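One point on numbering: in full-length UniProt numbering, the residue at position 302 of the sequence shown is 302, and numbering is uninterrupted.
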Amino acid sequence: MITATAPGKVILFGEHAVVYGRPALAAPVTQLRAKAELTPTSEPDVLLVAPDVGRAALLSRTEPNNPLAAVVRIVETHCRCSLSAGYTLSVTSAIPIAGGLGSGAAIAIAIIRALGQYLEQADSFTPEVVSRLAYEVERLHHGTPSGIDNTVIAYERPVYFVRRAPQPLIETFAQARPLRLIIGDTGVSSRTKDVVGDVGRQWAADRAEFETIFDACGRIAEAGRAALAAGDLPAVGALMDENHDWLRRMTVSSPPLDALVGAARAAGALGAKLSGAGRGGNMIALVTAETEAAVSAALLAAGAARVMTSDVGA
Numbered sequence: 001m002i003t004a005t006a007p008g009k010v011i012l013f014g015e016h017a018v019v020y021g022r023p024a025l026a027a028p029v030t031q032l033r034a035k036a037e038l039t040p041t042s043e044p045d046v047l048l049v050a051p052d053v054g055r056a057a058l059l060s061r062t063e064p065n066n067p068l069a070a071v072v073r074i075v076e077t078h079c080r081c082s083l084s085a086g087y088t089l090s091v092t093s094a095i096p097i098a099g100g101l102g103s104g105a106a107i108a109i110a111i112i113r114a115l116g117q118y119l120e121q122a123d124s125f126t127p128e129v130v131s132r133l134a135y136e137v138e139r140l141h142h143g144t145p146s147g148i149d150n151t152v153i154a155y156e157r158p159v160y161f162v163r164r165a166p167q168p169l170i171e172t173f174a175q176a177r178p179l180r181l182i183i184g185d186t187g188v189s190s191r192t193k194d195v196v197g198d199v200g201r202q203w204a205a206d207r208a209e210f211e212t213i214f215d216a217c218g219r220i221a222e223a224g225r226a227a228l229a230a231g232d233l234p235a236v237g238a239l240m241d242e243n244h245d246w247l248r249r250m251t252v253s254s255p256p257l258d259a260l261v262g263a264a265r266a267a268g269a270l271g272a273k274l275s276g277a278g279r280g281g282n283m284i285a286l287v288t289a290e291t292e293a294a295v296s297a298a299l300l301a302a303g304a305a306r307v308m309t310s311d312v313g314a
């Protein structure tokens, strides 16, 4: 059996604005991973299994938009080979679905890595290649994805990302001190494609307003990179707070997200913001060893479905 995994991700600064060419910072959440297990068989088809959601299907009978089948077909096209028979592919994930933590990209990348091993081409499936293939999958699901999810998950390192043609700017960034983040899950699902599309419609209706918002978010991302390089965690936290305020102005926050952000701040977090598409999903809070327990308890008391801890750059 072949096994491959991929982490989740959080966006530290710059979600939504990154779609419009502003910089963003994101980091992998290595404590939460998706896993693909490929078992060779002698069957004339491929069995696709997703036990987390109780689904199984034969590749030959799947619809074109089946998320697991789409990954297989994209890898087939890339390799100019057939992957339509002779194995079972099972996918599981500890990453909450539709929560802004990159579950779709992580599942796709775990599958791509497993198929690379199966084809005995793992060395040619570099992070750049894996990211590009996963971006093709993301386009099927999200329409106009920024590219940041597939990038940070494929490279498994914190990245500074700017979407531009013909290739995005991708840089790993210096970090003087690790970050301890608490991730608070609202328990509310959010479709990235829908939220990104709505922001796009608002931008088209009032470009001056939204360009101002995006410019501010871009400046925050740049300042966040500098604060991380200097190890200035209070400054990082203050920038998280400011970024959340601009995301509220963008109308992508929600009462559950605002409640969790407010609870984290009141309990002593250095800063807190939504992370990802918004209107549900997750928020992040920057904490210290002294405030971690209090912030976790406050988030649960404020209605978080669950809380998770992630160390970034440790």
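Glycine residues also receive a C-beta, built at the ideal position from the N, C-alpha and C atoms.
Computed from a predicted model, the values in this text were never measured in an experiment.
Item checked: residue 150 to residue 128 span [Cα, whole Å] -> 10 Å
Note to self: Could you tell me the alpha carbon to alpha carbon distance between residue 70 and residue 289, rounded to whole angstroms?
What the structure shows: 43 Å
Next item on the list: Would you kindly report the start and end of the unbroken beta strand (DSSP E) that includes residue 93?
Entry: 87-93
Checklist line | Spatial neighbours of residue 2 in its chain, beta-carbon cut-off 6 Å, leaving aside the 5 residues before and after | finding: 38, 114, 117 and 118
Next item on the list: Take residue 175 as the anchor and find which of 153, 267, 236 and 240 has the nearest alpha-carbon.
Entry: 236
Checklist line | Paired residues, beta bridge with residue 309 - DSSP | finding: 182
Checklist line | Length of the line joining the Cα atoms of residue 263 and residue 96 | finding: 22 Å
Next item on the list: Could you check what DSSP says for residue 145 in three-state terms: helix, strand or coil?
Entry: coil
Note to self: Rounded to whole angstroms, what is the Cα-Cα separation between residue 158 and residue 178?
What the structure shows: 11 Å
Check: In whole angstroms, what separates the C-alpha of residue 275 from that of residue 255?
Finding: 15 Å
Item checked: The alpha helix (DSSP H) enclosing residue 65, as first and last residue numbers -> From DSSP, residue 65 is part of no alpha helix (DSSP H); its letter is neither H nor E.
Margin query: Between 72, 21, 211 and 273, which has its C-alpha nearest residue 87's C-alpha?
Written below: 72
Notebook entry, point to check: Distance, Cα to Cα, residue 207 vs residue 218?
Noted result: 16 Å
Check: From residue 9 to residue 17, what does the alpha carbon distance come to, in whole angstroms?
Finding: 17 Å
Notebook entry, point to check: Straight-line CA distance for residue 68 to residue 292?
Noted result: 37 Å
Next item on the list: Determine the contact status of residue 188 and residue 280, defining contact as a CB-CB distance below 7 Å.
Entry: yes
Note to self: So, at 6 Å on beta carbons, what are the nonlocal neighbours of residue 162 in its own chain, with the 5 sequence-adjacent residues on each side left out?
What the structure shows: 23 and 169
Checklist line | Whole alpha helix (DSSP H) elements within the UniProt domain "GHMP kinase C-terminal" (226-302), 4-residue minimum | finding: 233-249, 255-266 and 292-301
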